[in-house]
Amino acid sequence: MLTVDIDNLSYIYADGTAALTAVSLQINTGESVALVGANGAGKSTLLHHLNGLLTPTAGHIHICDQPLNSKTLARIRRHIGMVFQNPDDQLFMTNVIEDVCFGPLNLGLTPQQALKVAREALDQVGVLSLQDRTPCRLSDGEKRRVAIAGVLATSPEILVLDEPTSGLDPWARRQLIDLLKNITHTRLIATHDFDLVHALCERTIVLSEGKIVADGPTALILTDDFLNSSPTTASNDC
Ligand SMILES: Nc1ncnc2c1ncn2[C@@H]1O[C@H](COP(=O)(O)OP(=O)(O)OP(=O)(O)O)[C@@H](O)[C@H]1O
Ligand SMILES: [Mg+2]
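So, in structure tokens, the structure goes:
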């Protein structure tokens, strides 16, 4: 089954910046796909379309065979678990457990059910001990884990992660990669971290100036030639 189907997506920001031009891609159920490209290539812009944060200037998106539009958005958001580039955009409650309960409560679970799935999700990502802490006072790595727990608690079919390892120390980064290895979802991960791509994604899509310039098996895309020549090496995140 096609889980994500993007057809000829273009997006122009209000100031006239053409961030995406005629992007088409399909992701099948169970695939783990990396989205790489230099700073400003359009990765976050593309991801923000998948849960309706941005509306295409042109083109169409289907998620789990449903067209993404204002009528289907609420339903489709249940399928997508989005972890933002900046965890501070995601964590806004006064303590961690409330934050992780927020999604399940929104889906209609009772407070007891929400608490149960929230604790399970925090446990799954190894931060149950943080449940009473204030999110804004956590370290970056802790915030990222809590943000991931927040989306896992809603049992999404598709996990969309925007630079999950950026800003993490090498140990936290390694731990997060290992953690994600054990979470099997259809995944789309925007990243500059090529170790993560090799560890988690069998397929890689390369964006350059808002266009897809390569899409194929990671082993064929992330060759030494590509890494030496591509502007995607410009980031110092990896
Ligand atoms: N709110 C905005 N208004 C105008 N232009 C924007 C806005 N947000 C992003 N852009 C522009 O859109 C293009 C794509 O940005 P985007 O954030 O999608 O890139 P990215 O690939 O995620 O980059 P990074 O690796 O730095 O996270 C860039 O040229 C950027 O300057
Ligand atoms: Mg980005």
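Using this note's numbering, count along the sequence shown one by one with no gaps and you end on 501.
Backbone N, C-alpha and C fix where the C-beta goes; we use that ideal spot for every residue, glycine too.
Residues in its own chain within less than 6 Å of T495 by CB, not counting five upstream and five downstream? With a pLDDT of only 47 at T495, under 50, the local geometry of the prediction cannot be trusted, and the value read off the model is given with reservation. Exclusion of the five residues before and after T495 leaves V299, G300, A301 as the residues of its chain whose Cβ lies within less than 6 Å of its Cβ.
With which residues is L451 paired in a DSSP beta bridge? Beta bridge pairing from DSSP links L451 with V296, V423.
Could you check the C-alpha separation between L490 and I411 for me, to the nearest Å? Computed Cα separation, rounded: 29 Å.
Can you tell me whether DSSP reads V409 as helix, strand or coil? The answer is helix: DSSP assigns V409 an H, G or I state.
Rounded Cβ spacing between L415 and G344 (contact assumed at less than 8 Å): So it is a contact: roughly 7 Å between Cβ atoms.
Close-in-space but distant-in-sequence residues of the same chain around T280 (CB under 7 Å, 5 per side omitted): Closer than 7 Å at the Cβ level, and outside the excluded window around T280, lies no residue.
For a quick check, are the C-beta atoms of I360 and V267 less than 9 Å apart? With respect to V267, I360 sits apart: the two C-beta atoms are not nearer than 9 Å.
Is the segment 350-360 touching the segment 393-410, taking contact as three or more C-beta pairs under 8 Å? Taking 8 Å as the limit for Cβ pairs, the verdict is that the segment 393-410 does touch the segment 350-360.
Rounded to a whole number of angstroms, what is the C-alpha to C-alpha distance between R466 and I446? A direct Cα-to-Cα measurement between R466 and I446 gives close to 17 Å.
Measure the Cβ-Cβ separation of V423 and E405 and say whether it is below 9 Å. In this structure, V423 lies away from E405, with their beta-carbon atoms at least 9 Å apart.
Work out the CA separation of T454 and S418 for me, nearest whole Å. Using only the alpha carbons, I get a separation of about 23 Å.
I'd like the list of long-range same chain contacts for K284, defined as Cβ closer than 6 Å, with 5 residues on each side in sequence excluded. Checking the sequence shown, residue 284 turns out to be Thr, not Lys. Closer than 6 Å at Cβ, skipping near neighbours: S273, G473, K474.
Can you tell me which of the three DSSP states R436 falls into? It is helical.
Taking 5 Å as the limit, tell me which residues put their C-beta closer than that to any heavy atom of ligand 1, in chain order. What you get when you keep residues with a C-beta closer than 5 Å to any heavy atom of ligand 1 is Y276, D278, T280, A282, N302, G303, A304, G305, K306, S307, T308.
Sequence ranges, alpha helix (DSSP H) only - wholly within the segment 301-365, length at least 4: Listed in chain order, the complete alpha helix (DSSP H) runs (minimum 4 residues) inside the segment 301-365 are 306-313, 336-340.
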